[in-house]
Amino acid sequence: MKSVAGLLLAILVLSGCADASGPTADAQAQTPAASASPTAPAPSPGAADGPIYVALGDSYTAAPGVPETDDDTGCGRSSNNYPSLIAAERQLSLIDVSCSGADTLALVGTQQTSAGPIAPQLLAIPDDAALVTMGMGGNDEGLFRDLVTTCLSVAGEDPSGSPCRDAMVEADGGDLALDRVATIQTRLTSALTGIKDRAPQAQVVLVGYPQIVPAQGSCDILPLAAGDYAYIREVTVALGEATATAAADAGTEYADVLAASKGHDVCAGPAAWVNGIANSVGRAAAPLHPFAEGQAAVADLVLAALDD
């Protein structure tokens, strides 16, 4: 099993930076940096002089660790993430406001990062935007953070069992992680509706998450208890179903990354789209985040959705 330090690094990056806070009114009131009144961003430097494309999202969109990553914003945004690839392919003027640690509340509230406050992501959308993509939901209600923290930290307590699933059982028999998914679905539907209201002519695509764990088997770079591989997979599938339903309910396109990532989980070796808790040789990405290959695959899925 990897060191505790390695596990903590994976958890920290997955949930954003250490001193980031959610964009709640209380957090803004208590954080002096929020008074800096961040402004909406302009198109990325060097962007094509074409139709405007706005990319909203969390770290699975920002792609921290994928070369080259800009750390100046505190968002860990890569110049080779899927928004950059889509913009280059279609000659679009890209406004990428994806940020590690973001949840759907960051669409309408200020997000705090290690580099200071980030403006609400919805402010980046002009009414004449031609394309808006959004990849969010996993950080809502602390889903990814708590799930990964618990599942990795308790694995050694019962290596052949499912201690994470056991730890998530609620007093009423419900499941702490699975019960959050319904809330996430509602938030995503509302967010997509808000995007359509703000940019009525834009094509809107909700981007899902990849499968992290294999259907069978295990691997050292994802040190879970044997029974918790199935549990993580169950939660990931539930989140995938929720995102697909949210897109359908809001009348937007959906990039089904979950289905497309079959056989590309963390344990898939050279075919993996997602990193383990330590970098593979010759490949770079933040722990438990997509490699460049995963970002390229998502770009292809979004482009296919736009052409349907």
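The sequence shown stops at residue 340 when you use this note's numbering, and every number in between is there.
We put the beta carbon where it would ideally sit given N, CA and C, even for glycine.
Small disclaimer: the values here were computed from a predicted structure and weren't measured.
**Request:** Determine the contact status of I118 and L335, defining contact as a CB-CB distance below 9 Å.
**Result:** Mapped onto the sequence shown, residue 118 falls at position 86. Mapped onto the sequence shown, residue 335 falls at position 303. In contact: I118 and L335 (Cβ atoms closer than 9 Å).
**Item:** Close beta carbons around K294, own chain, < 7 Å, minus the five adjacent residues each side
**Value:** Mapped onto the sequence shown, residue 294 falls at position 262. Excluding residues within five positions, the ones whose Cβ falls inside 7 Å are Q243.
**Asked** From Q327 to A279, what does the alpha carbon distance come to, in whole angstroms?
**Response** Mapped onto the sequence shown, residue 327 falls at position 295. Mapped onto the sequence shown, residue 279 falls at position 247. Cα to Cα, the separation comes out at about 20 Å.
**Start and end residues, alpha helix (DSSP H) containing E325** = Taking the sequence shown and counting its residues from 1, the one referred to as residue 325 is at position 293. Run containing E325: A324 to D339, per the alpha helix (DSSP H) assignment.
**Message:** So, at 8 Å on beta carbons, what are the nonlocal neighbours of P322 in its own chain, with the 5 sequence-adjacent residues on each side left out?
**Reply:** Sequence index remark: in the sequence shown, residue 322 carries index 290 (1-based). Y92, A95, V98, P242, W305, V306, N307 and V330.
**Asked** Apart from the five residues on each side of it in sequence, which residues of its chain come closer than 8 Å, Cβ to Cβ, to T268?
**Response** Translated into the one-based positions of the sequence shown, residue 268 becomes position 236. Once the five neighbours on either side are set aside, the close Cβ partners of T268 are Y241, Q243, I244, V245 and L290.
**Request:** Classify I241 as helix, strand or coil using the three-state DSSP reduction.
**Result:** Taking the sequence shown and counting its residues from 1, one reaches residue 241 at position 209. Contrary to the premise, residue 241 reads as Tyr rather than Ile in this sequence. Note: Y241 maps to coil in three-state DSSP.
**Where S110 falls: helix, strand or coil (DSSP)** = Position 78 of the sequence shown holds residue 110. Strand at S110.
**Request:** Determine the direct distance from the alpha carbon of G148 to that of A292, and round the result to whole angstroms.
**Result:** Residue 292 sits at position 260 when you count from the first residue of the sequence shown. Residue 148 sits at position 116 when you count from the first residue of the sequence shown. Taking the straight line joining both Cα atoms gives about 36 Å.
**Asked** Just to check, is the beta-carbon of A270 closer than 8 Å to a non-hydrogen atom of the ligand HEM?
**Response** The ligand HEM is not part of this structure, which contains no ligands at all.
**Asked** By Cβ distance below 6 Å, which residues in the same chain neighbour M200 in space, the five residues on each side in sequence not counted?
**Response** As a first step, residue 200 is located in the sequence shown; it is residue number 168 there, counting from the start. So the list reads D207, L208 and A209, once near-sequence residues are dropped.
**Request:** Taking all protein chains shown into account, decide if E189 is buried (16 or more other Cβ within 10 angstroms of its Cβ) or exposed.
**Result:** Numbered from 1 along the sequence shown, position 157 holds the residue referred to as residue 189. So E189 ends up on the exposed side.
**Prompt:** Can you tell me whether DSSP reads V140 as helix, strand or coil?
**Reply:** As a position in the sequence shown, residue 140 is number 108, starting the count at 1. Coil, per DSSP.
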